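K.L.:
Here it is, the structure, as structure tokens.
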Amino acid sequence: MKQIEKIPVGVSACVVGQKVRFDGGHKQSGFVVRDLDPYFDYRPACPEMAAGMGTPRQTVRLVEDGDWLKVRGSRDRSFDVTDALHNASEKLSDGLADLRGYIFCAKSPSCGMERVKVYHPNGHTLRHDGVGVFAEKILKKYPYLPCEETGRLNDVLIRESFLTRVFTLDLWKRNVEANLTKKSLLDFHAKHKLMLMAHSPEHYRAIGPLLADLSSANLEQVAYRYIVQLMQGLAVPASRKKHTNVLMHIQGYFKRALEVGDKAELTQMIHRYREGLLPLSTPRELLKHYLRKHRDDYLQGQRYFQPYPEHLTVRTVF
Numbered sequence: 001m002k003q004i005e006k007i008p009v010g011v012s013a014c015v016v017g018q019k020v021r022f023d024g025g026h027k028q029s030g031f032v033v034r035d036l037d038p039y040f041d042y043r044p045a046c047p048e049m050a051a052g053m054g055t056p057r058q059t060v061r062l063v064e065d066g067d068w069l070k071v072r073g074s075r076d077r078s079f080d081v082t083d084a085l086h087n088a089s090e091k092l093s094d095g096l097a098d099l100r101g102y103i104f105c106a107k108s109p110s111c112g113m114e115r116v117k118v119y120h121p122n123g124h125t126l127r128h129d130g131v132g133v134f135a136e137k138i139l140k141k142y143p144y145l146p147c148e149e150t151g152r153l154n155d156v157l158i159r160e161s162f163l164t165r166v167f168t169l170d171l172w173k174r175n176v177e178a179n180l181t182k183k184s185l186l187d188f189h190a191k192h193k194l195m196l197m198a199h200s201p202e203h204y205r206a207i208g209p210l211l212a213d214l215s216s217a218n219l220e221q222v223a224y225r226y227i228v229q230l231m232q233g234l235a236v237p238a239s240r241k242k243h244t245n246v247l248m249h250i251q252g253y254f255k256r257a258l259e260v261g262d263k264a265e266l267t268q269m270i271h272r273y274r275e276g277l278l279p280l281s282t283p284r285e286l287l288k289h290y291l292r293k294h295r296d297d298y299l300q301g302q303r304y305f306q307p308y309p310e311h312l313t314v315r316t317v318f
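Everything in the sequence shown is counted per UniProt numbering, starting at 1 for the first residue and increasing by one.
Following this line, the structure appears as structure tokens:
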């Protein structure tokens, strides 16, 4: 059996079972430690432990104090770890350019990616739009990095998007970033066109002008802008409507190769998928079957057909 070269992915330490929570426990995710572990080389971190808060410890929360967000004790409001947590998060967030993704613990004042509670100094909840101190630093330093929270990964479309981005970024770092040339950049984009169309046609159209003329451009700057836009586009969940458009686009490549009956079968299958009567895997597998019989170099290079390992069969359920 071929050895899998694991992909480096950051993760909140409690999510992989480390007992670093305020109560000495953890928030282990079965999906993360069971299904993704064979593919991911986890780099666990806990900014609260790195800030010297120890465990068990009192809980902390984000508190709006004028123009600033403070990190203070939930019960003891004089307990302020704002500076310590920011300093620890700054150090932890440095040197992570090799990561292909990050999985955060939801709702945490240090690791929550979104919808973290923000409190008034008097203890009342002000809003639910905060971002954890550590998560915010990661998101700002690495805008191309696929990031998700454990709870959101229970959503099939969000999980699909996250896995697609992680494995796409891994290919980018191995095949383009490690040896950046105009050809490697354009070849990479060519292989990801249909995938991007299934997630965000808007980003697909926006990227075109960016790559239109590389003769006088700063290649490193263009490459950076490209991967940021590509990752943002793939972060948009795919939908049946967008997948249907891509499937019909692919069907057009076979219009002269297929017999009348085969064309009708394929068309019917795509329409049944669009109506929710079939999973995506059904028309996709039929197209792959036709592609084996009628070779097309462009289509055979498309990552759309398998954006991540087949064992992670998320795509078959919608």
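Glycine included, C-beta positions come from ideal geometry on N, C-alpha and C.
The structure presented is a predicted model; accordingly, all values stated were derived computationally and were not measured.
If we ignore side chains and look at the alpha-carbon of each, how far apart do K141 and L169 end up?
P.N.:
The residue given as residue 141 occupies position 141 in the sequence shown. The residue given as residue 169 occupies position 169 in the sequence shown. Straight-line Cα distance between these residues: approximately 16 Å.
K.L.:
With which residues is C147 paired in a DSSP beta bridge?
P.N.:
Sequence index remark: in the sequence shown, residue 147 carries index 147 (1-based). For C147, which the question treats as bridged, DSSP gives the partners Y102.
K.L.:
Determine the contact status of Y102 and V9, defining contact as a CB-CB distance below 8 Å.
P.N.:
Translated into the one-based positions of the sequence shown, residue 102 becomes position 102. Translated into the one-based positions of the sequence shown, residue 9 becomes position 9. Their beta carbons are under 8 Å apart, which means Y102 touches V9 by this criterion.
K.L.:
Classify V260: buried if its beta carbon has 16 or more other beta carbons within 10 angstroms, exposed otherwise.
P.N.:
Here residue 260 corresponds to residue number 260 of the sequence shown, with the count starting at 1. Looking at its Cβ environment, which holds fewer than 16 other Cβ atoms inside 10 Å, V260 is exposed.
K.L.:
Just how far apart, CA to CA, sit V15 and V32?
P.N.:
Residue 15 sits at position 15 when you count from the first residue of the sequence shown. Residue 32 sits at position 32 when you count from the first residue of the sequence shown. Taking the straight line joining both Cα atoms gives about 8 Å.
K.L.:
Could you tell me whether the Cβ atoms of A238 and Y304 are closer together than 8 Å?
P.N.:
Mapped onto the sequence shown, residue 238 falls at position 238. Mapped onto the sequence shown, residue 304 falls at position 304. Contact: no.
K.L.:
DSSP three-state call for T125: helix, strand or coil?
P.N.:
For the purposes of this step, residue 125 is taken as residue 125 along the sequence shown, with counting starting at 1. Strand at T125.
K.L.:
May I have the straight-line CA-CA distance separating R205 from V11, to the nearest angstrom?
P.N.:
For this step, residue 205 is matched to residue 205 along the sequence shown. For this step, residue 11 is matched to residue 11 along the sequence shown. The straight-line gap from Cα to Cα measures roughly 33 Å.
K.L.:
Compute the beta-carbon to beta-carbon distance between I250 and Q229, rounded to the nearest angstrom, for a pair I have assumed lies under 8 Å.
P.N.:
Locating residue 250 in the sequence shown gives position 250, counting from the first residue. Locating residue 229 in the sequence shown gives position 229, counting from the first residue. Contact doesn't hold; Cβ gap of about 23 Å is too wide.
K.L.:
Which of the three DSSP states, helix, strand or coil, is assigned to V11?
P.N.:
Here the question's residue 11 lines up with position 11 in the sequence shown. Of the three classes helix, strand and coil, the one that applies to V11 here is strand, per DSSP.
K.L.:
Going along the chain, which residues of its own chain have a beta-carbon closer than 6 Å to the beta-carbon of residue 355, five neighbours each way excluded?
P.N.:
With the chain represented from 1 up to 318, any question about residue 355 goes unanswered, as that position is not in the structure.
K.L.:
Note down, in chain order, each residue of its chain lying with its Cβ closer than 8 Å to the Cβ of A45, except the 5 sequence neighbours on either side.
P.N.:
Position 45 of the sequence shown, counted from the first residue, corresponds to residue 45. For A45, where only same-chain residues beyond five positions count, the Cβ hits under 8 Å are G10, V11, S12, A13, L92, F134.
K.L.:
Relative to the C-alpha of L69, which residue among L171, P121, L280, T244 is closest?
P.N.:
For the purposes of this step, residue 69 is identified with residue 69 of the sequence shown, where counting begins at 1. Comparing Cα-Cα distances from L69 to each of L171, P121, L280, T244, the minimum goes to P121.
K.L.:
For the alpha helix (DSSP H) holding F254, just list the boundary residues, first then last.
P.N.:
To locate residue 254, count along the sequence shown from 1; it is residue 254. F254 -> no alpha helix (DSSP H), and no H or E assigned at all.
K.L.:
Determine, using beta-carbon pairs with one atom in the region 49-69 and one in the region 77-84, whether at least three such pairs fall under 8 Å.
P.N.:
Yes, the region 49-69 touches the region 77-84.
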